[in-house]
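Asks: If you're matching positions, the sequence shown starts at 3 in this note's numbering and goes up one per residue.
Let me begin by handing over the structure; questions about it come next.
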Amino acid sequence: MVTNSFVLFAIRKTPSMKGSFGIITKNQTVCNLVMCSIFLFFVFPLQMSGSNFLISHSHFMGTLAMTIYEISNGSHFLISCNRFCALFSPIMYDTIFKPFVTRYLRNSIWVLSIFSCTYFYEILKCNFFYNPQTWTFEFLSTDYCSHLTWFTDFTFNTTATVITLLINLSAAYKERVASQNLLDLAGIQKSKNQKNREWNFVKQTCLQGISCFFGQFAYYFLAPVISENSTVLLFVLATLWAFMLAFEGGIILASNREIRGTLKKTTTSVFVIGYKRNSTR
């Protein structure tokens with residue numbers, strides 16, 4: 003939660019993050035913070051208290067968690083398309099990813115995710131609730147809900163994460179090939195800073211895509227084969243889809259040098275100002 007807060011603050015101060023890529027990354031970071039808050043301020047106290055009242059109403063928070071997860075997956079897909087377009091069709095990039103268009107796509111993801119999750123998991127009563135035995139959320143285990151969530155959750159989200167991962171890997175390959183030749187179309191050498199900035203963006207999106215895919219894989223393929231006696235391991239694998247959103251703050255900081263630089267400058271300025279104020283007292 004701390005790293006995601008730092009990232010959100012740094013994005014607002016980083017010049018290169020003012021465009022469409024920054025808009026989508028900021029949206030992703032907000033999703034990460036909301037998911038962290040759900041588990042820190044609701045799931046963790048519930049694990050400690052075992053309140054029957056909270057458990058009976060936990061499906062509301064489960065629906066919220068699923069909504070944020072859907073928005074997060076949509077943001078991952080959008081950000082991968084952003085980098086793909088920047089590398090494979092740079093001439094069309096400014097037209098396709100204008101700030102206005104990007105905000106429209108971002109808002110559409112929010113509206114569609116809220117509507118679909120509310121309809122499937124609240125109105126149709128396929129609740130995503132907290133199970134005290136596994137310490138985390140799970141879907142209602144009925145034939146109807148199992149059939150429904152196979153399409154609304156597993157098929158949809160797995161397809162989205164696989165496509166996102168493939169797009170990210172294609173973008174990474176394209177960037178590495180392009181980096182072998184630093185000449186642009188006019189025959190002028192590209193600046194080192196520009197190449198580093200592009201590679202930072204590609205690394206960030208690629209690592210985010212891998213983390214999202216691994217979280218989905220762990221929930222559907224690893225958690226079901228773990229014995230119920232291994233409670234801690236089962237909890238970790240069954241909740242990895244949410245934990246990966248928390249880790250993304252670290253991924254962004256590790257892969258994006260500009261954001262790290264902005265955060266470092268801001269932190270240094272705060273310490274210098276604080277030191278000067280103390281010195282004048």
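All C-beta atoms, glycine included, are put in the ideal place defined by N, C-alpha and C.
Note that the structure is predicted; figures quoted are calculated from it, not measured.
Tell me PHE139's beta-bridge partners as DSSP assigns them.
Replies: Within the sequence shown, residue 139 is the residue found at index 137, counting from 1. PHE139 is bridged to TYR132.
Asks: Going by beta-carbon coordinates alone, are ASN159 and GLY211 separated by less than 7 Å?
Replies: As a position in the sequence shown, residue 159 is number 157, starting the count at 1. As a position in the sequence shown, residue 211 is number 209, starting the count at 1. Their beta carbons are not under 7 Å apart, which means ASN159 does not touch GLY211 by this criterion.
Asks: Classify ARG108 as buried or exposed, calling it buried when 16 or more other Cβ atoms lie within 10 Å of its own Cβ.
Replies: As a working mapping, residue 108 is identified with position 106 in the sequence shown. Per the 10 Å Cβ criterion, buried.
Asks: Nearest by alpha-carbon distance to GLN49: which of LEU209, VAL234, ARG259 is it?
Replies: Looking up residue 49 in the sequence shown gives position 47. GLN49 has its Cα closest to that of VAL234, out of LEU209, VAL234, ARG259.
Asks: Which value, in whole angstroms, describes the spacing of the CA atoms of LEU10 and VAL32?
Replies: Counting from 1 along the sequence shown, the entry for residue 10 is found at position 8. Counting from 1 along the sequence shown, the entry for residue 32 is found at position 30. In a straight line, the C-alpha of LEU10 is about 7 Å away from that of VAL32.
Asks: On a Cα-Cα basis, can you pick out the residue from SER115, PHE117, CYS147 that is closest to PHE130?
Replies: Translated into positions along the sequence shown, residue 130 becomes position 128. Comparing Cα-Cα distances from PHE130 to each of SER115, PHE117, CYS147, the minimum goes to CYS147.
Asks: Between SER257 and LYS176, which are expected to be in contact by the criterion C-beta below 8 Å, what is the C-beta distance as a whole number of angstroms?
Replies: Walking along the sequence shown from the start, residue 257 turns up at place 255. Walking along the sequence shown from the start, residue 176 turns up at place 174. Going by Cβ atoms, the distance from SER257 to LYS176 rounds to 17 Å, so no, they are not a contact pair.
Asks: Jot down the residue ranges of each uninterrupted alpha helix (DSSP H) in the stretch 209–277, minimum 4 residues, whole runs only, in chain order.
Replies: List check, alpha helix (DSSP H) in window: 233–240, 242–257.
Asks: Among the candidates CYS83, ASN34, PHE23, LYS20, whose CA atom is the shortest distance from the CA of PHE287?
Replies: Nothing can be reported for residue 287: it is not among the residues displayed for the chain, which extend from 3 to 283.
Asks: Pull up the CB-CB distance for ASN133 and GLU140, whole angstroms please, since I reckon it's below 8 Å.
Replies: Residue mapping note: residue 133 aligns to position 131 of the sequence shown, counting from 1. Residue mapping note: residue 140 aligns to position 138 of the sequence shown, counting from 1. Rounded, the Cβ-Cβ distance is 5 Å, consistent with contact.
Asks: Are the beta-carbon atoms of CYS128 and LEU150 separated by less than 7 Å?
Replies: Counting from 1 along the sequence shown, the entry for residue 128 is found at position 126. Counting from 1 along the sequence shown, the entry for residue 150 is found at position 148. Taking 7 Å as the Cβ cut-off, CYS128 and LEU150 qualify as a contacting pair.
Asks: On the DSSP letters alone, give me the boundaries of the alpha helix (DSSP H) that HIS59 sits inside.
Replies: Numbered from its first residue, the sequence shown carries residue 59 at position 57. That residue, HIS59, is in no alpha helix (DSSP H); it is neither H nor E in DSSP.
Asks: With distances taken from CA atoms, which of SER232, PHE237, THR65 is nearest ALA220?
Replies: The count along the sequence shown starts at 1 and reaches residue 220 at position 218. Of SER232, PHE237, THR65, the residue nearest in Cα terms is PHE237.
Asks: What is the C-beta distance between ILE116 and THR69, in whole angstroms, given that I count them as a contact (C-beta under 8 Å)?
Replies: Along the sequence shown, read from residue 1 onward, the residue named residue 116 stands at position 114. Along the sequence shown, read from residue 1 onward, the residue named residue 69 stands at position 67. Going by Cβ atoms, the distance from ILE116 to THR69 rounds to 6 Å, so yes, they are a contact pair.
Asks: If ALA244 and PHE41 are in contact, beta carbons under 8 Å, what's the gap, nearest whole angstrom?
Replies: Position 242 of the sequence shown holds residue 244. Position 39 of the sequence shown holds residue 41. At roughly 6 Å, the Cβ-Cβ gap stays under 8 Å, so ALA244 and PHE41 are in contact.
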